[in-house]
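Numbers given in the working numbering equal positions in the sequence shown, counted from 1, plus 2. Glycine included, C-beta positions come from ideal geometry on N, C-alpha and C.
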Amino acid sequence: MNEEAKQGAGATKTFGMMLRFYRERAKYSQEALGKATGYSKSQVAMIERGLRRPKGEFVPIVDPLLGAQGALLKLAEEVVASGVAPWFEDYLEEEIKAAGIHWYETHLLPGLLQTADYARSVFSCAVPALDDDEIEAAVAARLKRQEVFYRRPAPLVTFVLELAAITRPIGGPDILRKNLLHIRETIADLRNVTIQVMDDKRHVHAGLNGPFILLETEKRKGQLVYVEGQGGSYILTEQPEVGDSFARYGALRAQAHSPEYSARLIEQVARGL
3 MNEEAKQGAG ATKTFGMMLR FYRERAKYSQ EALGKATGYS KSQVAMIERG
53 LRRPKGEFVP IVDPLLGAQG ALLKLAEEVV ASGVAPWFED YLEEEIKAAG
103 IHWYETHLLP GLLQTADYAR SVFSCAVPAL DDDEIEAAVA ARLKRQEVFY
153 RRPAPLVTFV LELAAITRPI GGPDILRKNL LHIRETIADL RNVTIQVMDD
203 KRHVHAGLNG PFILLETEKR KGQLVYVEGQ GGSYILTEQP EVGDSFARYG
253 ALRAQAHSPE YSARLIEQVA RGL
């Protein structure tokens, strides 16, 4: 993450803490503040936890309403569209320097494998909708992450993808086709990358709990598991959860097609679009 992104992300969390301070001092509930700004109670809570950036007229309304005397307005100037969701920052700090990245994905191509057009289509699907500047910042941040493939020392990067991830035409067939060809021609043959597609005819499946990412941290000093859900995420660092997740991923790799067959399958899907 670049310095501007770090500063913008930190400001988001600080703004949330200060918003809560002024709200409680003014004896407003989250629900009451939401009604005054057109936000829901849960949206106000997400801003206070640093999980969402304030947008539109939210800050100009709440600053005088809560008696902040310009403090929230001033702090909001530091909240920039970094392209990284606030709840994703802790994981990203580890991914940048990881010795190993192992990703199981079910619904779409993983961020590390996405082209700009595919990523833009993914972010355009967001509900509530993102502004154009937020989308472009998110696309730029996603492409920046892909430099990890070429970092030295090179990390070991593996993927297990469900068939739906390579067939769902996010953005349209042409965008998916170009992304699949990018994977096949640019990424799949890198010596430090292995891509496998899951056999969709299996009667036994180790990944029924959903997608996750495993990291071997810098110099393999530790391991962690990243799991993302609706509007948030969590990181597992303790045993036995971490060990169980690595065992689960090992089973997934054993159940998936070979890297060679998977490469042919990805190219076959691309040529058929």
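- Here N211 is exposed, its C-beta having fewer than 16 other C-beta atoms within 10 Å.
- C-alpha of I189 to C-alpha of S42: approximately 43 Å in a straight line.
- Scanning its chain for C-beta atoms nearer than 6 Å, with the 5 sequence neighbours on each side dropped, one finds around A13 the residues E80 and V81, in chain order.
- Pairing L111 with A167, the inter-Cα distance amounts to about 5 Å.
- Inter-segment contact for the stretch 195-212 and the stretch 259-270 is present: three or more beta-carbon pairs are separated by less than 8 Å.
- With respect to the C-alpha of V141, the residue from G113, F161 and L165 having the closest C-alpha is G113.
- In the structure shown, S235 adopts extended strand secondary structure according to DSSP, grouped into three states.
- For A258, the three-state secondary structure derived from DSSP is strand.
- Note that the stretch 235-245 does not touch the stretch 139-158; fewer than 3 beta-carbon pairs, one per stretch, sit closer than 8 Å.
- In the structure shown, L178 adopts helical secondary structure according to DSSP, grouped into three states.
- Taken in chain order, the complete beta strand (DSSP E) segments of 3 residues or longer contained in the stretch 180-240 are 195-199, 214-218, 225-231 and 234-238.
- If you look at L158, you'll find it in the beta strand (DSSP E) that goes L158 to L163.
- Within the DSSP secondary-structure output, I103 pairs in a beta bridge with V159 and L217.
- The three-state secondary structure of S247, taken from DSSP, is helix.
- S31 sits in coil when the DSSP states are folded into three classes, being neither helix nor strand.
- Take A70, set aside five residues on each side of it, and the residues of its chain with a beta-carbon closer than 7 Å to its own are Y24, in chain order.
- Exposure of T239 is indicated by the presence of fewer than 16 other C-beta atoms within 10 angstroms of its C-beta.
- Judged by DSSP in its simplified three-state form, K146 adopts helix.
- The beta carbons of Q32 and E50 sit closer together than 9 Å.
- Residue state for I137 is assigned as helix, using DSSP reduced to three classes.
- Ranked by how close their Cα comes to the Cα of E97, the residues E220, S235 and H207 have E220 in first place.
- The DSSP-derived three-state label of P56 is coil.
- Restricting attention to L163, I103 and G40, the CA atom closest to the CA of Q225 is found in I103.
- Shown here for G52: same chain residues with a beta carbon closer than 7 Å to its own, the five before and five after excluded, namely T14, K15, G18 and P88 in chain order.
- Shown here for L75: same chain residues with a beta carbon closer than 8 Å to its own, the five before and five after excluded, namely V61, P62 and D65 in chain order.
- If you ignore the 5 residues before and after I185, its C-beta comes within less than 8 Å of the C-beta of L111, L115, I197 and I268, all in its own chain and listed in chain order.
- In this structure, Y251 lies near L216, with their beta-carbon atoms less than 9 Å apart.
- In this structure, E136 places its C-beta atom within 9 Å of the C-beta atom of F125.
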